[in-house]
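Notes to accompany the following structure.
Number of protein chains: 2
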Amino acid sequence: MTMNDTFLKACRGEKTDYTPMWLMRQAGRYLPEYQKVRGSVSFLELCKSPELCVEVTLQPIDILGVDAAILFSDILIPMEAMGLPLEFHEGRGPVFPKTVRDRAALDRLIVPDPGETMGFVMETIRLLRKELRVPLIGFAGAPFTCATYLIEGGSSKVFWETKKMMYTAPELFHGLMEKITETTSRYLLAQARAGAQALQLFDSWAGILAPADFAEFALPYAKRIIADLQQTGLPIIYFANNGATLLEYSAASGADVIGLDWRINIGDAIKRVGNRAVQGNIDPFALLLPKEKLKERIKRLLDDAREAKGHIFNLGHGIHQFTPPEQARFAVDTVHELSSR
Amino acid sequence: MTMNDTFLKACRGEKTDYTPMWLMRQAGRYLPEYQKVRGSVSFLELCKSPELCVEVTLQPIDILGVDAAILFSDILIPMEAMGLPLEFHEGRGPVFPKTVRDRAALDRLIVPDPGETMGFVMETIRLLRKELRVPLIGFAGAPFTCATYLIEGGSSKVFWETKKMMYTAPELFHGLMEKITETTSRYLLAQARAGAQALQLFDSWAGILAPADFAEFALPYAKRIIADLQQTGLPIIYFANNGATLLEYSAASGADVIGLDWRINIGDAIKRVGNRAVQGNIDPFALLLPKEKLKERIKRLLDDAREAKGHIFNLGHGIHQFTPPEQARFAVDTVHELSSR
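As they're listed, the protein sequences go chains S and C.
Every number in this note's numbering is 202 more than the matching position in the first sequence, counting from 1.
Every number in this note's numbering is 202 more than the matching position in the second sequence, counting from 1.
Structure, rendered in structure tokens:
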């Protein structure tokens, strides 16, 4: 089996024959093949069944022709392992019936042994490595994002409880961040040992923070994890969603690759992140454009990204469930064709 | 009656004795006095009762000591006047049971005469001007933001229908924007004639757009309204929420004042908007900080804004319903005290 290492090279800023591409949430609901698997199990059951995780992780590789696989899992799996029961409600997303809003709840959280409590993730990684001919990305939620779920008890529109804790009980907030950080470091190190070839930290809710608050309440913890991971030698990707005003901080996280959502011109972002590779950043809904227009947009993006130290083409956010898979396939083919050197 | 014109001077970039302040949604649910009025009428009834609108508009002026009043109303009032029934559901926000997703629905929309269909707004303005000793801000939603509500049928998390129309039926989308733009221009001109002393365009959802899409689908329409309003001689404020990457475009809108949400450092924003005044931008939830810390944060913001052509202190978004009014009052007093020249 020949390994397609274009993605890893781009992460490291090495020359590649073409711009590699993968899609956030490429294993997901827009694929009928995924829906079929999900038809027989709940989302959490799926996350905890290595064979099924392998199946859905592999689906988009051939269907779309992407240059990397990403472990099928959820950022809240390690939060559940810290001792908080997790539920997924159809149409409402993740729910933690018990939240962390006081010292007693914080004290009850454990820092779990990842091998013992999340062995199914490591097993998925080991099985995938036997099958894959593209690199496998492992991942975790960044501590700030994970903390919002534990504090709010699920998703939120305004994150009142999170900010209330930050502003009125900062010691409690930092205490929670410490525990999540330790958990996340151990979890990602375990993924690396199991065979992950790159690691991405998703900071999905970083964008709700003013830059000064990001620097005080979120960045130091992401930084610490990235420092811990450097011993693995693997490329690290840090993605602060809606983080256009946080880019200089994101670059200071120490990550090799900075993920970009679609709200910023990639050329402007590249100037700001300095000597780092970038990943992104087409609007996921732009996959709906008629093919000629989509091609034009991809060309413009590739042109704008020319000065990048390395560029991994991706969406600026997860692919939407109603996206026709053939449009995603067309985008991948077009990126490969237009960037061929 | 002496008029406090500090706010108007700051909008025009003239020297002021101190930094003026008002709060987005200052007439709202965080005030027990407002809750009392709302207890006896629905939200829409309130919007359509000039006497009650006057009462709630006036409440924060004395309670908080702010330097401007903003008309109590809703950005969707003129959308209803275009012919689409509007409902407000408790806990869910605005709902348009009929949406605009095809040519027939677009053709049914009218461009209403604001005096005839929204006379209650003009009456509110006329009544307020007799009472107020601070300037009165009139407002409307910017066309892009209004369009999202008509297309989605209410609020949305991902704006799938809006972007689907933009990307797959751009002529329909632009047709809708044309009609909304014409309606909004007429509506704001009528507010000016009734006595509004400044006009704000709220582009609450501009931040979901990639910069190139904002330039193509949203900005031209905001620009056209602002050009129409220039005949009034009133200061125009344009606020593109979550628009840190759109600031150069916002400045090109022609507005005198650029509103800023809390996600960007105000000093960085000032460098980017050039010769315009700015309005903002403390995180609304920072009003929860202990007084000493809140004061420090206000001081930092005032320092960072020193190079502004003009600065109106405001929150980066609407005040949250659970904010203690005395904290808001403390913020206003602190801004006045620390900025006194």
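Glycine included, each C-beta is placed from N, C-alpha and C at the ideal position.
Item	Value
Segments assigned alpha helix (DSSP H), at least 4 residues, entirely inside the segment 376-451 of chain C	421-431
With 16 other Cβ atoms within 10 Å as the buried cut-off, status of Ile327/C	buried
DSSP bridge partner residues for Val297/C (one or two, in chain order)	Glu289/C, Gly356/C
Proximity test, Cβ basis, 9 Å: Trp407/C and chain S	no
Residues near Leu436/S by beta carbon distance below 8 Å, same chain, minus five either side	Ala394, Ala398, Gln399, Ala400, Leu401
Residue from Leu540/S, Arg531/S, Ser542/S with nearest C-alpha to Ile263/S	Arg531/S
Sub-9 Å separation of Leu273/C and Leu330/C beta-carbons	yes
Delimiting residues of the beta strand (DSSP E) encompassing Gly461/C	459-461
Under 9 Å between C-beta atoms of Ala457/C and Arg478/C	yes
Contact set between Tyr351/C and chain S, taken where Cβ atoms lie within less than 8 Å	Correct list: empty, because the minimum Cβ distance to chain S is about 16 Å.
Chain-ordered neighbours of Phe441/S on chain C, where CB pairs are closer than 8 Å	In chain order: nothing, as chain C lies at least about 16 Å away.
Per-residue DSSP class, three states only, for Met368/S	helix
From Ser357/C, Ile460/C, Glu494/C, residue whose alpha carbon lies closest to that of Glu293/C	Checking the displayed sequence, the identity of residue 293/C turns out to be Gly instead of Glu. Residue Ser357/C is the option with its Cα nearest to Gly293/C.
For Leu517/S, the first and last residue of its enclosing beta strand (DSSP E)	513-517
Whole-angstrom C-beta distance between Leu286/S and Leu352/S, which should lie under 8 Å	6 Å
C-beta contact flag for Asp430/C and Thr347/C at 9 Å	no
Per DSSP, cross-strand counterpart(s) of Gly340/C	Leu401/C
CA nearest to the CA of Ile484/C, picked from Ile277/S, Val258/S, Ile410/S	Ile410/S
Cα-Cα separation, Val313/C to Thr386/C	9 Å
Interfacial residues, the segment 518-531 of chain C to chain S, with Cβ spacing under 7 Å	His522, Phe524
Backbone CA spacing between Lys217/S and Leu308/S [nearest angstrom]	47 Å
Contact under 9 Å by Cβ, Cys255/C with Ser275/C	yes
Glu257/C classed as buried or exposed, judged by whether at least 16 other C-beta atoms fall within 10 angstroms	buried
Distance CB(Ala454/C)-CB(Leu490/C) smaller than 9 Å	no
Chain S residues whose Cβ lies nearer than 9 Å to that of Pro296/C	Residues of chain S passing the Cβ test: none, with the nearest at roughly 14 Å.
Beta-carbon proximity list for Asp207/C, same chain, < 7 Å, skipping 5 on both sides	Pro337
DSSP bridge partner residues for Val480/C (one or two, in chain order)	Ile460/C, His513/C
Cβ neighbour criterion (16 or more within 10 Å) applied to Gly476/C	exposed
Best match in Glu354/C, Lys381/C, Phe419/C, Val459/C for proximity to Ile339/C [C-alpha to C-alpha]	Val459/C
Distance between beta carbons of Ile382/C and Pro413/C, contact taken as under 8 Å	Between Ile382/C and Pro413/C the Cβ distance is about 21 Å, and since that is not below 8 Å, they are no contact.
Gly295/S, buried or exposed, once every other Cβ within 10 Å from all chains shown has been counted against 16	exposed
DSSP-derived helix/strand/coil call for Ala533/S	helix
Candidates Gly230/C, Asp219/C, Arg214/C, Thr204/C: closest to Ser541/C by CA position	Asp219/C
Below-9 Å beta-carbon distance, Asn467/C vs any chain S residue	yes
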